[in-house]
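Numbering (the working numbering), first residue to last: 250 to 592. Here a beta-carbon is modelled for each residue, glycine too, at the ideal position from N, C-alpha and C. Heads up, the thing below is written out as structure tokens.
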Amino acid sequence: MIEIDGTAGGGQLLRTALSLSTVTGTPFRIEDVRATRPEPGLRAQHLAAVRLVADLCEAAVEGAELGSDSLTFRPGDGRRTSLRADVGTAGSVTLLFDTVLPVAATMDDAFLVTATGGTDVKWAPTIEYYRRVKLPLLADAGVDAAVDLARTGFYPAGGGEATLRTTPASPAPIELEARGALERVEVYSKAAESLEERRVADRQADHARDRLEDAGVPTEVASVEYVPARSPGSSLLLRGVYERSLAGFDALGERGRTSEAVADGAVREFTAFHAGDAPVDPYMADQVMVFLALAGGRVRVPTVTAHVRANLDLLDAFGSDLRLVRRGDGTATLTASAHPAVR
């Protein structure tokens with residue numbers, strides 16, 4: 250059984266452990282879960298992920314309780330192909346998908362999970378980032394997946410619903426070392442119907458387009474929409490389309506923050522990324538590691554974050570030969586061969 254120090258990371262460390270444990274058939278125990286966080290221990294978001302993966306593989310679990318500082322997970326051999334999950338209020342649906350996607354991508358059968366909760370909330374990729382950046386990038390690594398959005402859920406009421414579907418495919422090495430020239434930036438802007446009179450989604454999109462075009466960036470407003478939602482809210486995604494890669498930068502509206510400020514935040518993140526030449530954005534750098542550890546390949550990341558460092562140790566414990574080489578320009582290259590569990 251693998252022993253994991255939970256102080257080394259937050260929810261992402263747990264999600265990665267759940268994924269790899271299930272794919273490799275290796276049990277683990279994690280202690281001091283999120284010990285350095287303001288609210289340590291397992292929260293509702295993490296419990297939803299534990300229960301979902303446990304249902305998927307018929308695992309034996311100890312410590313799956315709110316506030317628990319330790320968890321033991323023994324994966325089973327079963328693979329359920331249709332599941333439902335409720336993250337609760339505005340817990341992130343996309344983080345739940347993150348936990349099961351590596352498992353589903355290695356299954357011999359089609360898989361689907363429908364989850365309710367928050368689709369566009371803090372500390373998680375928005376549903377548009379997931380659909381328009383993450384999944385298209387992973388498609389080149391043999392991950393055949395799609396997300397259908399039934400309802401949008403903003404903080405705090407949530408109430409969103411989305412379904413992740415995968416079909417069997419052969420894992421392929423991930424090769425993301427160069428992005429090529431920028432072709433365009435696509436703008437996707439969304440707001441609750443209650444904010445249509447104030448033109449929130451339009452203002453986000455217009456301001457982002459104006460800022461980018463003033464900087465000489467070819468820009469296309471791809472979508473502006475107003476959607477039914479239990480809570481007022483808005484989100485914005487800038488998708489950088491490069492010759493050989495995609496990058497995404499999202500921002501959320503909140504009380505006291507103007508639509509223009511939301512757009513400014515996303516534009517700043519894109520501008521900082523575009524000034525370098527890494528092929529993946531900082532968020533994707535963290536998320537691609539588990540797929541790299543399973544399928545192998547080579548990915549250059551913009552920076553070595555604390556999440557990247559914590560994931561390296563965890564992936565090594567589960568039998569990956571993932572290696573990191575720092576480059577003189579501040580980026581780093583991650584390389585791995587395919588994991589024995591998926592060869």
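- One alpha carbon belongs to residue 516, the other to residue 457, and they sit about 6 Å apart.
- Per DSSP, residue 535 is one residue of the alpha helix (DSSP H) stretching across 531-536.
- Counting along the chain, residue 426 sits inside no beta strand (DSSP E), nor does DSSP assign it H or E at all.
- Cβ-Cβ separation between residue 479 and residue 408: approximately 4 Å, consistent with a contact (criterion under 8 Å).
- Counting only unbroken stretches of 4 or more residues, the alpha helix (DSSP H) elements lying wholly within the stretch 303-357 are 342-353, in sequence order.
- With a beta-carbon spacing of about 11 Å, residue 302 and residue 313 fall beyond the 8 Å limit used to define contacts.
- Residue environment: residue 405 is assigned as exposed (fewer than 16 neighbouring CB atoms within 10 Å of its CB, all protein chains considered).
- Nearest C-alpha to residue 554 among 374, 536, 470: 536.
- Relative to residue 274, the option among 283, 533, 323, 297 whose CA is nearest is 323.
- Taken atom to atom, the span from the alpha-carbon of residue 539 to that of residue 269 is near 8 Å.
- Under DSSP, residue 412 forms a beta bridge with 363, 397.
- When secondary structure is reduced to three states using DSSP, residue 439 falls in the strand class.
- As computed with DSSP, residue 491 is found in a beta bridge with 431.
- Taking the C-beta atoms as reference points, residue 374 is found no nearer than 8 Å to residue 338.
- With contacts defined by Cβ atoms closer than 8 Å, residue 438 and residue 454 form a contacting pair.
- Fewer than three beta-carbon pairs drawn from the stretch 501-518 and the stretch 319-336 are found closer than 8 Å, and the two stretches are therefore not classed as touching.
- Non-local beta-carbon contacts of residue 359 in its own chain, meaning distances under 8 Å to residues more than five positions away in sequence, involve 330, 414, 415, 416, 417 in chain order.
- In its chain, beyond the 5 residues on either side, 484 have a beta carbon closer than 6 Å to the beta carbon of residue 501.
- Separation of residue 495 and residue 365 (C-alpha to C-alpha, rounded to the nearest whole angstrom) is 27 Å.
- Around the beta carbon of residue 250, a 10 Å sphere encloses fewer than 16 other beta carbons of the protein chains shown; the residue is thus reported as exposed.
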